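Asker:
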Amino acid sequence: MFKFIKNLFNSEKETVELSLSVDEIAPKIIAALGGAENIEFLDFCLTRLRVQLKSKDKIDRKGLKALGAAEVVQIVENNVHVIFGTKSESYANAMNAILKK
Numbered sequence: 113m114f115k116f117i118k119n120l121f122n123s124e125k126e127t128v129e130l131s132l133s134v135d136e137i138a139p140k141i142i143a144a145l146g147g148a149e150n151i152e153f154l155d156f157c158l159t160r161l162r163v164q165l166k167s168k169d170k171i172d173r174k175g176l177k178a179l180g181a182a183e184v185v186q187i188v189e190n191n192v193h194v195i196f197g198t199k200s201e202s203y204a205n206a207m208n209a210i211l212k213k
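With the numbering used here applied, the sequence shown corresponds to residues 113 to 213, in that order.
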């Protein structure tokens, strides 16, 4: 029974992750963070994106979770960590390529 409930709640998240490539997810993450104009700095570590924002109020937490984020953690006023696990580096690289354009 527990496995069924766990799969029920995780099914949407798995579908999004499996059906989109890194290059397709990256612009969606940027949008969920309030758009390119809201991102001041983007870095990553092994399991998370480290993002400095102009305004934390523009974050779409539900949207980030729908894209596969395990959690969105506010560190200080406008600094957040978005936990994507081992895909964080790939997402950060794709996002930085978009943000530099």
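Idealized CB from N, CA, C, for every residue including glycine.
These figures come from a predicted structure and were not determined experimentally.
Quick one: residues in its chain with C-beta nearer than 6 Å to the C-beta of ALA144, no 5 flanking neighbours on either side, listed in chain order?
Answerer: Against the sequence shown, residue 144 aligns to sequence position 32. ASP172, GLY175, LEU176, listed in sequence order.
Asker: Please report the distance separating the alpha-carbon of SER202 from that of LYS213.
Answerer: By 1-based counting over the sequence shown, the position of residue 202 is 90. By 1-based counting over the sequence shown, the position of residue 213 is 101. Rounded to whole angstroms, SER202 to LYS213 spans 17 Å at the Cα level.
Asker: Who are the Cβ neighbours of GLY147 in its own chain at under 8 Å, not counting the five residues just before and after it?
Answerer: The sequence position of residue 147 within the sequence shown is 35, counting from 1. Once the five neighbours on either side are set aside, the close Cβ partners of GLY147 are LYS170.
Asker: Using the three-state DSSP reduction, which class does GLU189 fall into: helix, strand or coil?
Answerer: For the purposes of this step, residue 189 is taken as the residue at position 77 of the sequence shown. Looking at GLU189 - three-state DSSP - the assignment turns out to be coil, as it is neither helix nor strand.
Asker: For THR198, collect the residues of the same chain with a Cβ closer than 8 Å to its Cβ; drop the 5 residues on either side in sequence, then sort them by chain order.
Answerer: Taking the first residue of the sequence shown as position 1, residue 198 is located at position 86. Answer for THR198: LEU158, THR159, listed in chain order.
Asker: Give the secondary structure of LEU172 by DSSP, where H, G and I count as helix, E and B as strand, and everything else as coil.
Answerer: Residue mapping note: residue 172 aligns to position 60 of the sequence shown, counting from 1. For the sequence presented, residue 172 should be read as Asp rather than Leu. ASP172 falls in the coil class under three-state DSSP.
Asker: Going by DSSP, what residue range makes up the beta strand (DSSP E) through GLU152?
Answerer: The sequence position of residue 152 within the sequence shown is 40, counting from 1. Here the beta strand (DSSP E) through GLU152 covers 151-156.
Asker: Please classify ALA209 as buried or exposed, where buried requires at least 16 other C-beta atoms within 10 Å of its C-beta.
Answerer: For this step, residue 209 is matched to residue 97 along the sequence shown. When all chains shown are included, ALA209 counts as exposed.
Asker: Below 8 Å on the Cβ atoms is my guess for GLU149 versus LYS168; work out the distance and round it to an integer in Å.
Answerer: As a working note, residue 149 is residue 37 in the sequence shown. As a working note, residue 168 is residue 56 in the sequence shown. Wrong, their Cβ atoms sit about 14 Å apart, outside the cutoff.
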